[in-house]
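Numbers given in the numbering used here equal positions in the sequence shown, counted from 1, plus 65.
As structure tokens, the structure follows; a few thoughts come after it.
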Amino acid sequence: MLKERTGGMTVIGVLNLVFGGLGIISALFEVLAALAGIRRAILIEGFMGIPGISADERAIMLKMLEFGLFALTVSTVGVIAGIGIFRMGAWARAASLIYAGLWALNAGILLLFPVQAATPDANASATIIGHVVGICFGLSYPIILFTLFQKPNWKAAFAARPTP
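Below is the structure:
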């Protein structure tokens, strides 16, 4: 039974840490932007008595908050999976497969519910093409993870160790 980390496993561990870390940073900015927009609306409505934002803008802020929190969860799982790969933990394979599944789910959600462009004159076809290309590119890493962790030597490397 293989228990040594290969070069490919090291690369996947690093990628999980990098993508997870960047995802956490990105998600935190998304959550903070949504909270700042909601806060601005509450302050304007509360102190000035005028509507701070429209119902559509409020819905977009709440969706941004939901997507940001989900992305934060996905990215945290990625960091945990990367650490597990470096530690050669038996749970690292499951964590990486969960990370790949959540990443694919996130891409699917973004395909079904694309965030609308902030500018009213945005070209709709260019926006759709950008979403499709981004999602196809974004799905490549989960597919790589699913493929690698189904290989027999990767399964053996992360199999549970027998207790002595």
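All C-beta atoms in this analysis are idealised placements derived from N, C-alpha and C, irrespective of residue type, glycine included.
Do residue j and residue i count as a contact pair if the criterion is CB distance below 7 Å?
i: L82; j: V139; result: no
i: P207; j: A160; result: no
i: I200; j: A172; result: yes
i: G154; j: M126; result: no
Return the chain-ordered list of same chain residues with a C-beta closer than 7 Å to the C-beta of residue i, the five sequence neighbours on each side being excluded.
i: I209; result: none
i: E95; result: M129, F132, G133, A136
i: G86; result: V144
Ignore the nearest five residues each way along the sequence and tell me which others in residue i's own chain have a CB closer than 8 Å to its CB.
i: L162; result: L210, F211, F214
i: L93; result: G133, L137
i: A99; result: M126, L127, M129, L130, G133
i: W219; result: M74, R158, L213
i: A183; result: For A183, the predicted model reports a pLDDT of 46, less than 50, meaning its position is unreliable; a value from the coordinates is still stated below. Cβ within range, chain order: n/a, list empty.
i: R70; result: G78, I150, F151, M153, A222
i: L58; result: Absent from the structure is residue 58, since the part of the chain shown begins at 66 and ends at 229.
For the alpha helix (DSSP H) that contains residue i, what are its first and last residues?
i: K220; result: 217 to 222
Go through its chain and collect everything with a Cβ distance to residue i's Cβ below 6 Å, but skip five positions before and after it.
i: G78; result: G147, I150, F151
i: F84; result: G143
i: L175; result: none
Any contact of the region 147 to 157 with the region 126 to 134, i.e. 3+ C-beta pairs under 8 Å? Flag = no, the region 147 to 157 and the region 126 to 134 do not touch.
Could you name each continuous alpha helix (DSSP H) segment of 4 residues or more that falls completely within the region 79 to 163, going from the start of the chain to the end? Whole alpha helix (DSSP H) segments, 4+ residues: 120 to 152.
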